[in-house]
Amino acid sequence: MTTTAPAVAYDMYDRAIYASPYETYRRLRDEAPIYYNDSYDFHAVSRFDDVLRVLTDRDAFLSGRGSTYSNIKADVQIPEGLFVAEDDPIHAVHRGLVSRLFTPRSINGLEPRIRALCDEMFDSVAGLGRFDFMKDVAVKIPVRVIAMLVGLPESDHAELHEIAHQTENSTQEVALAGISAMAGFFDEYLAWREGHPTDDIMSQLLTMEFEDQTGTIRHLSRQEMVTFLVLVTSAGSDTTATALGWAAKVLADHPDSRRELADDLSLVTGAAEEVLRIEPPSYHFARYVARDVEFHGTTVPEGSVIVVVPGAANRDERHFPEADRFDIGRKPGTIFTFSFGTHFCLGAALARLELRIGIETMLQRFGGQWTVDEEQAVMREAVNTRGYEHLPVEV
Ligand code: HEM
């Protein structure tokens with residue numbers, strides 16, 4: 001009697017796949033490069049070349065109906081200014097405005113403050129033999145960095161942190177309440193800021209004129225500004241904290257690489273990139289299919305949802321030699337952790353900077369030695385990001 005293995009199955013809600021996705025990803029690439037899930041009604045691409053195609057063909061694959069599976073399916077009304085879920089030309093207008101906050105000069109200017117913040121966070125666990133790397137360190141860093149980026153007074157940083165964390169790991173209702181609390185917080189901040197202008201970029205955004213997609217010259221509305229700030233905060237906090245968690249875990253799993261890094265901190269930039277490749281915090285994102293397209297002889301009809309699996313494409317052997325091997329000297333070139341093309345993560349340089357400083361501080365503080373208690377580690381309950389909720393470490 002011959003038995004055949006059951007066909008590969010994948011969806012972003014499956015907790016067993018979430019816990020350990022890489023065998024499923026390999027099977028998707030090899031056996032079902034254009035995969036169709038008929039329970040949830042989506043197609044998925046997992047090979048490097050196919051992901052690249054979806055993210056570069058802006059006529060066939062749209063973000064304007066949402067950029068995750070659940071948003072597109074729910075057919076939600078997208079607030080104006082939430083440019084991760086807009087298409088060009090309006091996307092380019094909004095992104096162009098917000099990108100003023102993210103110039104190399106403003107990001108690099110944050111380096112000493114991020115270093116001081118990391119020192120403060122690692123000081124707070126100094127002397128503890130064991131702590132939760134996520135709750136005690138990682139999640140405390142990115143929101144405060146965003147607060148610095150948008151010029152929030154120091155006295156309000158803690159409140160933003162509290163509000164931002166209501167939106168994570170919660171039911172849809174609690175998450176929505178969190179987002180509206182964040183919008184209210186930023187609305188108040190902008191009102192205060194109008195009365196207390198400085199020469200920084202936030203003040204410029206409040207007063208400058210720009211040409212919108214209709215050709216009208218105008219100021220940004222308060223609503224647009226609030227949406228920008230909510231987008232930046234929600235896109236940049238949870239993701240970056242998750243990346244810091246992966247760095248702690250992956251380096252603990254590779255003590256030889258960790259020793260090399262502790263001896264030569266100039267290797268950390270490459271190691272951070274390799275952590276982002278091998279364990280991307282982005283779990284899935286999605287596009288709306290605007291016309292019939294063909295992949296590997298299969299037609300994906302107009303109106304479908306196509307899911308991009310960055311973690312699968314980042315380990316495609318067709319593109320990355322020995323793709324499952326963690327190699328701090330690898331120069332991977334394009335990876336999909338931050339997406340690609342017109343929606344490429346606006347905060348990627350900032351996230352990379354936080355990750356580099358976070359790893360350097362960890363190596364210096366813990367003498368390049370810590371272990372992770374895998375038994376007690378708990379993964380997040382998320383579908384857009386993948387990583388740890390609790391990561392107990394011992395030093
Ligand atoms: C390791 C950390 C991060 C990861 C993995 C990440 C991942 C991503 C991904 C995958 C997208 C594009 C989604 C798509 O194509 O549909 C994106 C977009 C975006 N990210 Fe990030 N992100 C990170 C950190 C940040 C930070 C620190 C900020 C800002 C403080 C930020 C702000 C944004 C914004 C504004 C967009 C929208 C860009 C656009 O649509 O043009 N991200 N990010």
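Take 1 as the starting number for the sequence shown in the numbering used here and just add one per residue.
Note that CB positions come from ideal geometry on N, CA and C, so glycine has one too.
Any non-hydrogen atom of ligand 1 within 7 angstroms of residue i CB
i	result
Ile163	no
Thr214	no
Gly129	no
Arg95	yes
Gly236	yes
Gly311	no
Thr361	no
Beta-carbon contacts of residue i that lie in its chain and below 7 angstroms, excluding the five residues immediately before and after
i	result
Ala19	Met379
Ala32	Val8
Other residues of its chain near residue i: CB distance less than 6 angstroms, five sequence neighbours each side excluded
i	result
Asp200	Gly151
His91	Phe83
Arg113	Met148
Ser180	none
Distance CB(residue i)-CB(residue j) smaller than 8 angstroms
i	j	result
Val309	His284	yes
Thr233	Val143	yes
Ala351	Ala243	yes
Ala398	Glu279	Summary: the structure shown does not reach residue 398, with the chain confined to residues 1 through 395, and so no result is reported for it.
Glu409	Gly64	The displayed coordinates of the chain run from 1 to 395. Any statement about residue 409 would go beyond what the structure contains.
Ala312	Leu28	yes
Gly387	Gly245	yes
Pro321	Thr385	no
Ala248	Phe131	no
Phe340	Ala348	no
Asp119	Thr269	no
Beta strand (DSSP E) segment containing residue i, residue limits
i	result
Phe228	Unbroken run through Phe228 is the alpha helix (DSSP H), 222-236; no beta strand (DSSP E).
Ala286	285-289
Val93	Not the beta strand (DSSP E): Val93 falls in the alpha helix (DSSP H), residues 90-98.
Arg130	130-132
N-terminal and C-terminal residue of the alpha helix (DSSP H) that residue i is part of
i	result
Asp256	255-263
Ala147	142-149
Residue i - partner residues in DSSP beta bridges
i	result
Glu111	Its beta-bridge partners do not exist; DSSP assigns none.
Ala44	Tyr35, Val307
Tyr388	Met379
Thr298	Phe295
Ser282	Thr385
Thr337	Paired residues: none, contrary to the question.
Thr371	Glu394
Residue i Cβ short of 7 angstroms to ligand 3 heavy atom set
i	result
His91	Ligand 3 is not part of this structure, which contains only ligand 1.
Spatial neighbours of residue i in its chain, beta-carbon cut-off 8 angstroms, leaving aside the 5 residues before and after
i	result
His94	Gly81, Phe83, Glu86, Glu224, Phe228
Asp88	Arg58, Thr342
Thr68	His284, Phe285, Ala286, Val383, Asn384
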